[in-house]
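J.: Reading the sequence shown from the start, the letters are residues 327 to 703 in the numbering used here. The beta-carbon is built from N, C-alpha and C at its ideal position, and this holds for glycine as well. Computed from a prediction, not measured in an experiment: that's the story for all the values here.
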Amino acid sequence: MRLNAIQVLTNSAITTSTLLIPIVAQQLGASGTQIGIIVAAYNSTLFISTYIFSRASDYYSPKIILCAGFLSSAITLFLQIFAKDPLSLGIVWVLVGFSVGISPAILLLYVYNLKRSIGKFSSLMALGWAFGYLSILIIAEYPQLSIAGSLFGYTGTVYLELFALSSLLFAIAFLITLKLPDVKVIAKKKVDYFSSDILKKNRNIYFGFFLRQVGANNVWVIFQLYLLRLHANLAGVALIYMLNPVLQFFIMRRLDRYSSSRLIHTGDLLSVAAFLALIPLKIYYQAAVGMVLIAFSYACMYIGAIRQLIETNEEKGAAAGLLNSSIALASIVGSFMGGIILDHYGFRAVMGAGVLFSMLGYAAFHLKTADIPQKSS
327 MRLNAIQVLT
337 NSAITTSTLL
347 IPIVAQQLGA
357 SGTQIGIIVA
367 AYNSTLFIST
377 YIFSRASDYY
387 SPKIILCAGF
397 LSSAITLFLQ
407 IFAKDPLSLG
417 IVWVLVGFSV
427 GISPAILLLY
437 VYNLKRSIGK
447 FSSLMALGWA
457 FGYLSILIIA
467 EYPQLSIAGS
477 LFGYTGTVYL
487 ELFALSSLLF
497 AIAFLITLKL
507 PDVKVIAKKK
517 VDYFSSDILK
527 KNRNIYFGFF
537 LRQVGANNVW
547 VIFQLYLLRL
557 HANLAGVALI
567 YMLNPVLQFF
577 IMRRLDRYSS
587 SRLIHTGDLL
597 SVAAFLALIP
607 LKIYYQAAVG
617 MVLIAFSYAC
627 MYIGAIRQLI
637 ETNEEKGAAA
647 GLLNSSIALA
657 SIVGSFMGGI
667 ILDHYGFRAV
677 MGAGVLFSML
687 GYAAFHLKTA
697 DIPQKSS
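In structure tokens form, the structure reads like this:
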């Protein structure tokens with residue numbers, strides 16, 4: 327139960343801030359390119375942190391690393407309320423990226439050691455996203471109900487209340503982690519810190535996922551602004567975003583029966599269809615179709631990839647961490663690209679780039695899939 331609570335709390339906190347950052351940045355005067363740079367900078371430190379600490383989890387106490395990650399995340403997320411311009415927001419967001427990148431792969435190690443379902447635990451990540459979007463929806467419509475606003479004295483400023491709420495959720499996760507039992511370190515074999523063997527063995531998974539996520543982050547960096555342009559308010563944006571994780575929660579819990587390669591193939595193809603569906607929108611609620619497709623696509627891809635990596639690699643923390651690092655690296659490239667495309671070609675061109683990179687991701691995995699042994703559960 328404690329691990330489940332941590333998964334929901336931390337993902338809710340991260341989601342609340344990541345949805346708001348492009349909107350807040352635009353209100354502070356940032357251009358599309360500057361928004362892309364801010365999000366790319368966040369993902370740069372997330373990438374570095376994810377890889378460093380996922381490797382460290384194969385040799386050092388996971389509990390200590392988790393505590394450090396959650397405490398630093400609580401502090402850095404709270405600092406968001408002091409951002410007054412795009413530069414200060416970008417600096418704080420860099421610190422947030424490094425902090426929140428510490429824990430994801432280590433939580434998966436806990437679950438694996440306890441012999442629990444990776445699919446069911448990952449579904450709680452999506453549930454956390456849903457609660458994050460629900461928090462935005464409720465506070466946007468009823469700011470007087472904000473617990474964080476009451477605790478920290480903020481009234482009338484929805485964004486500050488939500489940033490404070492993100493910090494509070496990580497602080498709660500930190501307190502819960504203090505009561506967790508420690509787990510045995512899995513890998514004692516000393517290898518090159520940046521192991522080329524793991525990369526080569528799983529290159530099709532990492533590269534295919536990377537390409538798909540470049541396209542996805544190309545879209546997500548500006549998608550909130552796209553919905554606002556299509557006449558959504560903040561609550562409407564949160565409602566559209568909430569469709570994706572709510573569906574993922576139920577989908578992920580039912581994917582353990584399918585082979586890893588089939589899940590990844592299906593996820594890539596559905597990604598192409600999803601981003602195509604987002605191109606011709608006339609009003610924001612039409613995005614619901616694309617979000618449903620995205621829920622199925624990401625659930626299939628993530629569960630297929632993470633199971634493949636954990637089941638076929640000795641250094642499980644490093645292998646899983648490299649997937650998270652590839653996602654973070656794709657976020658750097660995709661976020662920067664999305665901001666530039668928006669400034670020069672508009673919203674629909676960004677969606678078209680999502681389609682293109684999803685097709686490339688499918689090709690990258692398909693060309694090498696025969697080299698990877700398959701294992702079904």
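In chain order, which continuous runs of the alpha helix (DSSP H) of length 4 or greater are located wholly inside the region 523-602?
T.: The qualifying runs are 529-555, 560-578.
J.: Nearest to ILE391 by alpha carbon, out of ALA456, TYR688, ILE378?
T.: It is ILE378 whose Cα lies nearest to the Cα of ILE391.
J.: If you reduce the DSSP assignment to three classes, tell me which class LEU346 lands in.
T.: LEU346: helix per DSSP, three-state reduction.
J.: Is it the case that the region 396-408 contacts the region 420-427, given that we only count it when at least three CB pairs across the two stretches are under 8 Å?
T.: The answer is yes - the region 396-408 touches the region 420-427, with three or more Cβ pairs under 8 Å.
J.: Mark ASN559 as exposed unless 16 or more other C-beta atoms lie within 10 angstroms of its C-beta, in which case mark it buried.
T.: Burial call: exposed.
J.: Rounded to the nearest angstrom, what separates ILE620 and LEU413 at their Cα positions?
T.: So the alpha carbons of these two residues sit roughly 32 Å apart.
J.: Here's the rule: buried if 16 or more other CB atoms are within 10 angstroms of the residue's CB, otherwise exposed. What is GLY593?
T.: With 16 or more other Cβ atoms within 10 Å, it is buried.
J.: Mind reading off the beta-carbon distance from GLY454 to LEU565? Whole number of angstroms is fine, and I expect it under 8 Å.
T.: No, GLY454 and LEU565 are not in contact; Cβ-Cβ is about 17 Å, not under 8 Å.
J.: How long is the line joining the alpha carbons of SER492 and ILE340, rounded to whole angstroms?
T.: Whole-angstrom Cα-Cα distance: 7 Å.
J.: Tell me the residue span of the alpha helix (DSSP H) that contains GLU487.
T.: Residues 484-503.
J.: For MET617, which residues in the same chain have their Cβ closer than 7 Å to its Cβ, ignoring the five residues on either side in sequence?
T.: So the list reads ILE566, LEU569, ASN570, once near-sequence residues are dropped.
J.: Is it right to say GLN353 is buried, meaning 16 or more other beta carbons lie within 10 angstroms of its own, or is it exposed?
T.: Answer is exposed; the Cβ neighbour count stays below 16.
J.: Drop a sphere of 10 angstroms on the beta-carbon of SER522, count the other beta-carbons inside from all chains shown, and report buried for 16 or more, exposed for fewer.
T.: Counting Cβ neighbours within 10 Å, SER522 comes out exposed, since fewer than 16 surround it.
J.: Relative to the C-alpha of SER449, which residue among ASN330, ALA679, LEU415 is closest?
T.: It is ASN330.
J.: Just to confirm, does GLU467 get its C-beta within under 7 Å of one of the non-hydrogen atoms of the ligand FMN?
T.: In the structure on display, the ligand FMN does not appear, and there are no ligands present to speak of.
J.: For ILE347, count the other beta carbons within 10 Å of its own beta carbon; 16 or more makes it buried, fewer makes it exposed. Which is it?
T.: That one is buried.
J.: Since ILE407 is in the alpha helix (DSSP H), which residue starts that stretch and which ends it?
T.: Note, ILE407: premise wrong, no alpha helix (DSSP H); not H, not E.
J.: Spatial neighbours of LEU635 within its chain, please: C-beta separation below 7 Å, excluding the five flanking residues on both sides.
T.: The residues are ASN528, ILE531, ALA645, ALA646, LEU649.
J.: Given this structure, state the Cα-to-Cα distance separating ILE667 from ALA490, to the nearest angstrom.
T.: Rounded to whole angstroms, ILE667 to ALA490 spans 32 Å at the Cα level.
J.: For ARG328, which of helix, strand or coil comes out of DSSP?
T.: Note: ARG328 maps to helix in three-state DSSP.
J.: Determine the DSSP secondary structure at GLY358, reduced to helix, strand or coil.
T.: Residue state, collapsed to three classes: helix.
J.: On a Cα-Cα basis, can you pick out the residue from GLY358, ILE428, ALA409, GLN360 that is closest to SER387?
T.: When only C-alpha atoms are compared, the closest one is ILE428.
J.: Determine the closest residue to ILE444 out of THR638, ILE632, TYR584, with distance taken between C-alpha atoms.
T.: Nearest of THR638, ILE632, TYR584 to ILE444, Cα basis: ILE632.
J.: So what's ILE609 in DSSP terms, helix, strand or just coil?
T.: Coil, per DSSP.
J.: Which whole-angstrom value is the C-beta distance of LEU506 and LYS389, which I expect to be below 8 Å?
T.: Correct: roughly 6 Å between the Cβ atoms.
J.: Count Cβ pairs between the region 680-688 and the region 364-376 that sit closer than 8 Å; are there 3 or more?
T.: Counting Cβ pairs under 8 Å, fewer than three are found: no touch.
J.: Report all residues from its chain with a CB closer than 6 Å to the CB of GLY534; omit the five preceding and five following residues, and keep chain order.
T.: Around GLY534: GLY687, ALA690, PHE691.
J.: Does the Cβ-Cβ distance between ILE364 and GLY416 come in under 8 Å?
T.: A contact, by the Cβ cut-off of 8 Å.
J.: Work out the CA separation of GLY541 and ARG579 for me, nearest whole Å.
T.: The alpha-carbon atoms of ARG579 and GLY541 are separated by roughly 26 Å.
J.: If you draw a straight line from the alpha carbon of SER380 to that of LEU607, how long is it in whole angstroms?
T.: One C-alpha to the other measures close to 40 Å.
J.: Here's a check: name, in chain order, each residue in its chain whose Cβ is nearer than 6 Å to the Cβ of PHE536, leaving out the five neighbours to either side.
T.: Cβ within range, chain order: SER652, ALA656.
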